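Below, the structure written as structure tokens:
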């Protein structure tokens, strides 16, 4: 077995196990916080703390991984997540209320730092020709983990209690750390000079100016997080509207079909002809269009069958776009790749957090279908706007012999 094949199998298995744990605690912890506090405000603070941890990670991720790269930081962030969850097993329940925001921050921080480190260093683990295939399998593993974690969480809580779920969740991170340990990284590309934080951001801006399509992809990603925030807020609302007596069952089925579509989209994306940058870019933009249209149509339905029917194309688009985005960004040179992934995490965390705050009040005033149409109309409009700007940029570049800034 080649080093690339061995690394790929270890990474995919580690992501499957750790993402299963992540979705397990996403469902269980939110429920646990609400039952412990009986306050929606406490749930909001918990979720905001988790997003805050992700934003903090995105701000320090570039500087951290410039100094500490390889497998040891990835193992450390798996151990951090396991330790944070372990606090819920040793601290008395009566003293956990004030500790929960700190736990949420630690989980958000650990999740984002792990993602930044793994995504930016994947080209040091996998040969370029195998990156697209590996990214597709990683996305597929995440989708399977989402289905399993979301569906199993409720059963485990009901059958064994929250402590068992938290212990199992901590164990998933420990197992992921064991799988990361044997990874073999190639040597990093030497940097021309040591960079401080200001020059890192300056280099990122200059790099994006020279790669306008990458800048457009990041702009669309920011817009897409607003749509994602809106439909995540709307999932339990539309489920309860359609099936008042079995909202949780409908929500579980909807997420399962969506995740199955995402898995299928990732598999198709890896088998399509063409692996040049332009093909990856088209798959990303096309995937965003399909995903947003799928979610808009989902929320216009008046039956569970219609809801599940359009969950599939929404998932397909998500799988297409994620594989295209990751594979394309990983082709940037190493000095630019790390700040791009840190910036991507910042956009996703900020956009999702702000989007949740903005979208929630709209559900008090409008129907779920109208809210999702508005917020998923933003990425649709952004894709079309970016496409128009890129065409204009290309026309100017062809007619002008000097480079366009």
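In this note's numbering, the protein residues as written are 236 to 640. C-beta atoms are modelled at their ideal positions from N, C-alpha and C, and glycine is treated no differently. Predicted model, so just to flag it, every value in this text is computed and none were measured.
In the structure shown, residue 611 falls within a helical segment according to DSSP collapsed to helix, strand and coil. One alpha carbon belongs to residue 403, the other to residue 444, and they sit about 46 Å apart. Your pair residue 495 and residue 550 checks out as a contact, with CB atoms roughly 6 Å apart and the cut at 8 Å. Assigned with DSSP and collapsed to three states, residue 479 falls in coil, not helix or strand. The DSSP-derived three-state label of residue 528 is helix. In this structure, residue 590 lies away from residue 454, with their beta-carbon atoms at least 8 Å apart. Using a 10 angstroms sphere on the CB of residue 334, the tally of other CB atoms stays under 16, which defines it as exposed. Nearest Cα to residue 448 within the set 263, 267, 625, 254: 625. Rounded to the nearest angstrom, the Cβ distance from residue 353 to residue 314 is 15 Å, too far for a contact under 8 Å.
Taken atom to atom, the span from the alpha-carbon of residue 484 to that of residue 286 is near 27 Å.
Note on residue 557: 16 or more other CB atoms within 10 angstroms of its CB, so buried under the neighbour-count rule. Shortest Cα-Cα distance from residue 311 to any of 341, 282, 298, 475 involves 341.
In this structure, 473 is the residue among 614, 271, 473, 248 with its C-alpha nearest to the C-alpha of residue 541.
Rounded to whole angstroms, the Cβ separation of residue 384 and residue 470 is 15 Å, and the two are not in contact under 8 Å.
Note that the C-beta distance between residue 304 and residue 580 is not below 8 Å. Under the three-state reduction of DSSP, residue 446 is assigned to coil, being neither helix nor strand. Residue 359 and residue 245 have their C-alpha atoms some 14 Å from each other. Contact between the region 360-380 and the region 321-340 is absent: fewer than 3 CB-CB pairs across the two stretches fall below 8 Å. A contact is defined here as three or more CB-CB pairs under 8 Å, and the region 366-385 meets this definition with respect to the region 487-501. In terms of Cα proximity to residue 440, the closest of 571, 393, 355 is 571. Within the model, the alpha-carbon separation for residue 592 versus residue 609 is close to 15 Å. Comparing alpha carbon positions, the residue from 268, 492, 242 closest to residue 330 is 268. CA-CA distance, residue 617 to residue 265, rounds to 32 Å. Residue 527 and residue 461 have their alpha carbons spaced roughly 11 Å apart.
Pairing residue 399 with residue 263, the inter-Cα distance amounts to about 11 Å.
Residue 326 carries a coil assignment under DSSP once its states are collapsed to helix, strand and coil. A residue is called buried when at least 16 other Cβ atoms come within 10 angstroms of its Cβ; residue 553 meets this threshold and is buried. Classified as exposed, residue 237 has fewer than 16 neighbouring CB atoms from the shown chains inside 10 Å of its CB.
Bounds of any alpha helix (DSSP H) do not take in residue 566, whose DSSP letter is neither H nor E. With respect to the 8 Å criterion, residue 543 and residue 486 are not classified as neighbours on the basis of their beta carbons.
Contact between residue 548 and residue 525 is confirmed by a C-beta separation of about 6 Å, below the 8 Å threshold.
With contacts defined as CB atoms closer than 8 Å, residue 247 and residue 376 qualify as a contacting pair.
Around the Cβ of residue 260, a 10 Å sphere holds 16 or more other Cβ atoms; the residue is buried. Following the DSSP letters along the chain, one finds residue 336 inside the alpha helix (DSSP H) bounded by residues 335-356. Per DSSP, the continuous alpha helix (DSSP H) segment holding residue 406 begins and ends at 397-415.
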